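Residue numbers (the working numbering): 906 to 1168. Each residue gets a CB set at the ideal place from its N, CA and C atoms; glycine is no exception. None of the values given here were measured: they were computed from a predicted structure. These notes are about the structure you will find just below.
Given below as structure tokens:
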């Protein structure tokens, strides 16, 4: 795989001694260092059936049709423990979100359940993810559980299309994929979608890591495999080190002491 970004500093190149390297595997770090993305399976590191129980009462997304969602802002303290930042909305500027229902708006969502966040395997996942990317203490991390379900074809991105999320580091973990056809994850070197990097389908327990400021991503429409049964596809999205000035402005207003990306 060709390294397309030798000109910028890559913390992963020097991360072979990271505490959580065994969590992801050294190949994951190499893939990201060389190609800005990686796909791996962590179904043995988490209790996926128990994580799936937290999908049962997800509230409906009031900003996006046919989607259900919770989200929380998190950070690691100086001792490496996970803390929560309460009540800050999600905010994506039009530069990073083309959908009229989401761009340049403050979006408030119910928080991730505390008993979910306190699970040992969830704590390990967050800490390992922060270690993978070299996240510093007090850097805000956005973690979401969201997804779609129904009985008719729909667009999981609701018009967002090929995009970046406005951060440097992004990972997508599939939690459930029931009676679904479609939902292919695609990466590109350009927003126009002319320079394909990869096209793959993530199974439950598989995660795709993306250097969000280097590549663009999208997911195709989903529909039921069996028309006589409902379908669902739910994911965890986790990202950090935001480039979006709109989001950073809102974060600073709510949490004056957080460490924000100045790049």
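Give the straight-line distance between the Cα atoms of residue i and residue j, rounded to the nearest whole angstrom.
{"i": "residue 1156", "j": "residue 1133", "result": "44 Å"}
{"i": "residue 1024", "j": "residue 1072", "result": "26 Å"}
{"i": "residue 1068", "j": "residue 1131", "result": "30 Å"}
{"i": "residue 957", "j": "residue 1018", "result": "13 Å"}
{"i": "residue 1098", "j": "residue 1114", "result": "19 Å"}
{"i": "residue 945", "j": "residue 1010", "result": "33 Å"}
{"i": "residue 1026", "j": "residue 1083", "result": "23 Å"}
{"i": "residue 1095", "j": "residue 1102", "result": "10 Å"}
{"i": "residue 1081", "j": "residue 1166", "result": "32 Å"}
{"i": "residue 1056", "j": "residue 960", "result": "17 Å"}
{"i": "residue 1149", "j": "residue 1038", "result": "18 Å"}
{"i": "residue 1058", "j": "residue 1124", "result": "13 Å"}
{"i": "residue 977", "j": "residue 1086", "result": "29 Å"}
Give me whichever residues DSSP pairs with residue i in a beta bridge.
{"i": "residue 946", "result": "1111"}
{"i": "residue 951", "result": "Per DSSP, none; premise fails for residue 951."}
{"i": "residue 1052", "result": "973 and 1139"}
Counting only C-beta atoms, is residue i closer than 9 Å to chain D at any point?
{"i": "residue 983", "result": "Protein chains in the displayed structure number just one, and chain D is not present."}
Considering only residues of the same chain and omitting the five flanking positions on each side of residue i, which have a CB-CB separation below 8 Å?
{"i": "residue 1143", "result": "1031, 1034, 1046, 1047, 1048, 1049, 1075, 1076 and 1078"}
Can you name, in chain order, every residue of its own chain whose Cβ lies under 6 Å from the Cβ of residue i, other than the five neighbours on each side?
{"i": "residue 988", "result": "980 and 982"}
{"i": "residue 907", "result": "Low confidence applies to residue 907: its pLDDT is 30, below 50, so where it sits in the model is not reliable enough to give any reading."}
{"i": "residue 912", "result": "Low local confidence applies: a pLDDT of 32 at residue 912 is under 50, so the model's placement there is unreliable, with the coordinate-based value given in what follows. Hits under 6 Å: none found."}
{"i": "residue 1012", "result": "968, 994 and 995"}
{"i": "residue 974", "result": "966, 1014 and 1051"}
Drop a sphere of 10 angstroms on the beta-carbon of residue i, count the other beta-carbons inside from all chains shown, and report buried for 16 or more, exposed for fewer.
{"i": "residue 934", "result": "buried"}
{"i": "residue 943", "result": "buried"}
{"i": "residue 1129", "result": "buried"}
{"i": "residue 948", "result": "exposed"}
{"i": "residue 985", "result": "exposed"}
{"i": "residue 997", "result": "buried"}
{"i": "residue 1117", "result": "buried"}
Starting from the C-beta of residue i, find all residues in its chain whose C-beta is less than 7 Å away, skip the five residues before and the five after it, and write them out in chain order.
{"i": "residue 1164", "result": "1041, 1043 and 1044"}
inquiry  = Quick check for students: name the residue ranges of the beta strand (DSSP E) that lie wholly in the segment 1085-1139, counting only runs of 3 or more.
reply    = 1085-1087, 1090-1093, 1101-1105, 1111-1116, 1121-1124 and 1127-1129
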